[in-house]
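Notes follow once the structure below has been shown.
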Amino acid sequence: MAGHDVAPAAHSTANEDAAGKAALAAYSGYLEASRQASERSDPAHPALARFLADPLLTRVRVAIRDAKEHGAMRTGKLVSDPAVVSVDLSADPPAVQIQDCLDATGYRLVYAKDRRVVPGTHGGRYLATATATRYPDGRWLVNTGATHQDQPC
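Using our numbering, you'd call the opening residue of the sequence shown number 2 and step up by one each time.
Pasting the structure below:
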């Protein structure tokens with residue numbers, strides 16, 4: 002009996018580790034894709050759909066479009082240090098929760114015309130959370146995300 006309990010646990014741990022790694026790769030891809038799209042003020046940037054799904058995909062596109070309409074763009078570097086908080090492979094669809102401490106000290110919303118920083122935009126280090134979900138085609142995509150600028154880290 003004991004032998005039966007051990008094998009599935011080991012197997013699921015390997016699956017959970019693989020899911021966590023795939024989710025973190027999707028999350029890193031999401032940050033890089035949104036950085037590139039924001040820098041180019043391009044809400045239709047093709048990299049976004051490679052790592053993001055709705056509702057987050059639409060939210061990111063709207064934010065980039067809004068910035069563009071106000072003559073603003075993102076510039077600089079966003080530093081990320083994400084970790085897997087939980088993996089639920091029995092959920093439908095399977096999901097991984099990610100927590101990150103984003104350092105936006107050097108990542109600024111600026112006016113495209115003269116690179117002046119847009120007043121009232123946040124820098125600093127703060128908590129971010131995201132969920133990556135496995136889609137039927139096997140891809141892990143980030144579909145929800147939130148920044149908690151009131152929670153420094």
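C-beta: ideal position from N, C-alpha, C; glycine also.
query	result
Within the continuous beta strand (DSSP E) that includes Leu110, where are the two ends?	Tyr108 to Tyr112
Taking DSSP as the reference, what is the three-state secondary structure of Ala3?	Low local confidence applies: a pLDDT of 45 at Ala3 is under 50, so the model's placement there is unreliable, and no value is given.
Would Val50 pass as a contact of Leu58 if the rule is Cβ separation under 8 Å?	Note that residue 50 is Ala in the sequence shown here, rather than Val. In contact: Ala50 and Leu58 (Cβ atoms closer than 8 Å).
Smallest Cα separation from Leu32: which of Gln150, Lys78 and Asp93?	Lys78
Give me the DSSP bridge partner(s) of Cys102.	Leu128
Is DSSP giving Asp43 helix, strand or coil here?	coil
Touching or not, the segment 98 to 105 and the segment 125 to 142, by the rule of three or more beta carbon pairs under 8 Å?	yes
Count the other CB atoms, across all protein chains shown, that sit within 10 Å of the CB of Tyr28; report buried if there are 16 or more and exposed otherwise.	buried
Answer with buried or exposed for Arg41, where buried requires no fewer than 16 other C-beta atoms within 10 angstroms of its C-beta.	exposed
Which value, in whole angstroms, describes the spacing of the CA atoms of Asp6 and Pro56?	Any reading at Asp6 needs caution, since the residue's pLDDT is 43, under 50, leaving its predicted position unreliable; the model's value is listed next. Looking at the two C-alpha atoms, the distance is approximately 39 Å.
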